[in-house]
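> Dropping the structure in here first, questions after.
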Amino acid sequence: MPTAISSLLGLTFASGLALAQSASEIEFKQCVGNLQAKAVEQGISKQVVDDVLGQVRYQEKVIELDSKQPEFTQTFADYFGRRVTEDRVEKGREMLKEHRDILKRVERETGVPAHYLVAFWGLETNFGSYFGNMPIPASLTTLACDPRRSAYFTEELFAALKIIDAGDVQADNMQGSWAGAMGHVQFMPSVFLRHAVDADGDGRRDLWGSVPDAMASAGNFLKALGWVPGLRWGREVQLPDVFSYSLAGRDESYPVSEWKEFGVKDAFGRPLPNADVEASLLVPSGHRGPAFLVYQNFEIIMRWNRSEFYALAVGRLADRIAGAGPLQTPLPENELQLTRDKVRSMQSYLNMLGFEAGEADGVMGPATRKALSRFQRAEDMVADGYPTQEVLDAMDFDQIQRVQQDQQERAQRKQAKD
Numbered sequence: 001m002p003t004a005i006s007s008l009l010g011l012t013f014a015s016g017l018a019l020a021q022s023a024s025e026i027e028f029k030q031c032v033g034n035l036q037a038k039a040v041e042q043g044i045s046k047q048v049v050d051d052v053l054g055q056v057r058y059q060e061k062v063i064e065l066d067s068k069q070p071e072f073t074q075t076f077a078d079y080f081g082r083r084v085t086e087d088r089v090e091k092g093r094e095m096l097k098e099h100r101d102i103l104k105r106v107e108r109e110t111g112v113p114a115h116y117l118v119a120f121w122g123l124e125t126n127f128g129s130y131f132g133n134m135p136i137p138a139s140l141t142t143l144a145c146d147p148r149r150s151a152y153f154t155e156e157l158f159a160a161l162k163i164i165d166a167g168d169v170q171a172d173n174m175q176g177s178w179a180g181a182m183g184h185v186q187f188m189p190s191v192f193l194r195h196a197v198d199a200d201g202d203g204r205r206d207l208w209g210s211v212p213d214a215m216a217s218a219g220n221f222l223k224a225l226g227w228v229p230g231l232r233w234g235r236e237v238q239l240p241d242v243f244s245y246s247l248a249g250r251d252e253s254y255p256v257s258e259w260k261e262f263g264v265k266d267a268f269g270r271p272l273p274n275a276d277v278e279a280s281l282l283v284p285s286g287h288r289g290p291a292f293l294v295y296q297n298f299e300i301i302m303r304w305n306r307s308e309f310y311a312l313a314v315g316r317l318a319d320r321i322a323g324a325g326p327l328q329t330p331l332p333e334n335e336l337q338l339t340r341d342k343v344r345s346m347q348s349y350l351n352m353l354g355f356e357a358g359e360a361d362g363v364m365g366p367a368t369r370k371a372l373s374r375f376q377r378a379e380d381m382v383a384d385g386y387p388t389q390e391v392l393d394a395m396d397f398d399q400i401q402r403v404q405q406d407q408q409e410r411a412q413r414k415q416a417k418d
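Here the UniProt record's numbering is used: the first residue of the sequence shown is 1, the next is one more, and so on.
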């Protein structure tokens with residue numbers, strides 16, 4: 001039986017929680033009010049602003065998803081294997097045939113080949129099978145009222161309101177991802193506003209219900225990003241047995257003819273062409289996995305999505321849809337999955353040794369891979385910048401704790417003297 005004190009404590013806690021919720025609700029309402037005023041100042045009709053923002057509700061789930069970080073870093077084999085599947089390749093080939101007329105029209109107008117457009121479509125929404133079901137206006141308002149990236153999401157919210165104001169979509173039908181991406185090709189509202197087109201001539205830019213509008217908009221966006229007509233994204237290649245992996249990375253670029261001189265061959269072991277096209281080498285699974293030469297259009301794909309894994313998946317899915325076979329070098333099995341904490345420890349260790357891994361943020365970025373490559377070279381390993389169990393075993397992580405403890409003790413002694 002609860003005592004009077006425990007009951008009182010329970011009431012106090014509940015009251016405190018209610019007050020906190022009330023304060024949070026008041027802050028959100030104030031933020032929405034400020035956004036309404038600014039939206040009208042931007043020329044968006046007051047009726048649309050009031051109708052849409054007057055009904056939005058705070059989306060706690062959006063903040064949770066925005067704050068969430070996966071515990072493990074994803075390997076290329078896992079990422080690629082889940083996205084470039086035989087089912088998706090077959091479905092992509094079907095979509096290429098089914099929508100041939102609009103795809104060829106977009107290709108003529110933008111220079112972006114049809115199989116690339118279908119590849120983007122396949123990766124973004126699995127050919128329109130799932131757009132996301134979050135209410136875009138409410139999601140963007142919630143994010144705009146969060147201080148972390150308020151400026152960015154405020155602009156996206158205003159872009160969404162302008163789309164509604166233009167009559168392209170009704171507010172209730174504007175649904176998509178929690179971050180605001182929407183339609184067949186998952187455009188953010190600002191991209192929609194600048195690059196979406198009405199390809200079917202119905203007077204609306206409809207990226208949800210019109211495949212012609214979606215494909216034409218994707219081509220228009222890629223053209224604006226700088227797509228080079230007639231140039232492929234890149235290719236799978238074979239590396240010689242003895243190779244300097246310091247040449248790998250998008251910060252290193254050489255003509256294809258020079259890669260040929262380095263001993264690099266195509267995926268089937270044939271000589272590369274004597275071309276002056278600039279290319280960079282990527283080895284996303286290290287020396288045990290496939291290698292790729294990537295060209296300028298690979299960089300254009302990365303302007304759509306800043307992930308090398310994504311861009312490689314788009315390129316290879318496009319190749320497969322156009323009729324190419326699977327990778328000649330298979331993806332490695334049982335790749336080591338690192339936790340973000342383990343990556344941070346590795347970065348701290350590399351920095352301690354002077355290998356300049358950059359901020360210990362738990363992300364295996366270019367600086368970390370370069371630092372890891374330098375460590376591997378010093379340890380007489382294959383210096384591919386890829387973390388394996390062998391690499392981790394060669395690292396004395398306890399040394400980090402000893403050094404940090406020593407630094408802390410020195411600081412305490414210095415403070416005591418002062």
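Even glycine gets a Cβ: it sits at the ideal position worked out from N, Cα and C.
Leu184 and Trp121: beta carbons closer than 7 Å?
Looking at the sequence shown, residue 184 is not Leu but His. Yes, these two residues count as a Cβ contact at 7 Å.
> Between the alpha carbons of Arg88 and Ile300, how many angstroms are there, rounded?
So the alpha carbons of these two residues sit roughly 23 Å apart.
> Taking 7 Å as the limit between beta carbons, can you name the residues of its chain near residue 419, skipping five residues before and five after?
Nothing in the structure corresponds to residue 419, since the chain is present only between 1 and 418.
> When the distance is taken between beta carbons, is Arg235 closer than 7 Å to Leu317?
No.
> For Gly111 and Trp227, what's the separation of their Cα atoms in angstroms?
Approximately 8 Å, taken between the alpha carbons.
> Can you tell me whether Asp251 is helix, strand or coil according to DSSP?
Three-state result, Asp251: strand.
> Here's a check: name, in chain order, each residue in its chain whose Cβ is nearer than 6 Å to the Cβ of Val302, leaving out the five neighbours to either side.
Here residue 302 turns out to be Met, not Val, going by the sequence shown. Excluding sequence neighbours, Met302 sits near Ala311.
> Unbroken alpha helix (DSSP H) runs of length 4 or more, entirely within the UniProt domain "Peptidoglycan binding-like" (340 to 395): which are they?
Runs found: 340 to 352, 366 to 378, 389 to 393.
> Just mark Ser345 as buried or exposed, buried being the case when its beta carbon has 16 or more other beta carbons within 10 Å.
Ser345 should be labelled buried.
> Using a Cβ distance threshold of 8 Å, determine whether the segment 172 to 189 contacts the segment 141 to 159, with at least three qualifying pairs required.
The segment 172 to 189 vs the segment 141 to 159: in contact.
> Is Phe397 buried or exposed, if buried means 16 or more other CB atoms sit within 10 Å of its CB?
Result: exposed.
> At the level of alpha carbons, what is the spacing between Gln412 and Arg402?
Near 15 Å, if we compare the C-alpha coordinates of Arg402 and Gln412.
> Using DSSP with H/G/I as helix, E/B as strand and the rest coil, what is Val237?
Residue state, collapsed to three classes: strand.
> Going residue by residue through the segment 37 to 71, where are the continuous alpha helix (DSSP H) segments of at least 4 residues, counting only ones entirely within it?
Segments of the alpha helix (DSSP H) lying fully in the segment 37 to 71: 46 to 53, 60 to 67.
> What three-state label does DSSP hand Ser280 in the structure shown?
Reduced to three states, the DSSP call for Ser280 is strand.
> By Cβ distance, which residues of its chain are closer than 7 Å to Ala224, with the 5 residues on each side in sequence left out?
Taken in chain order, the residues that qualify are His195.
> Just mark Gln36 as buried or exposed, buried being the case when its beta carbon has 16 or more other beta carbons within 10 Å.
Counting Cβ neighbours within 10 Å, Gln36 comes out buried, since at least 16 surround it.
> Here's the rule I'm using: 16 or more other beta-carbon atoms within 10 Å means buried, otherwise exposed. How should Ala218 be labelled?
Counting Cβ neighbours within 10 Å, Ala218 comes out buried, since at least 16 surround it.
> By the 10 Å Cβ neighbour count, where 16 or more other Cβ atoms means buried, how is Gln415 classified, buried or exposed?
Exposed: under 16 other Cβ atoms inside 10 Å.
> In its own chain, which residues sit with a C-beta less than 8 Å from the C-beta of Trp178, not counting the 5 before and 5 after it?
Answer for Trp178: Gln59, Lys61, Val62, Leu65, Asp66, Gly132, Met134, Ser139, listed in chain order.
> Starting from Ala214, follow the alpha helix (DSSP H) in both directions and report where the run begins and ends.
Where Ala214 is concerned, the enclosing alpha helix (DSSP H) stretches over 211 to 225.
> Beta carbon of Val106, beta carbon of Met215: below 7 Å?
Contact flag set, yes.
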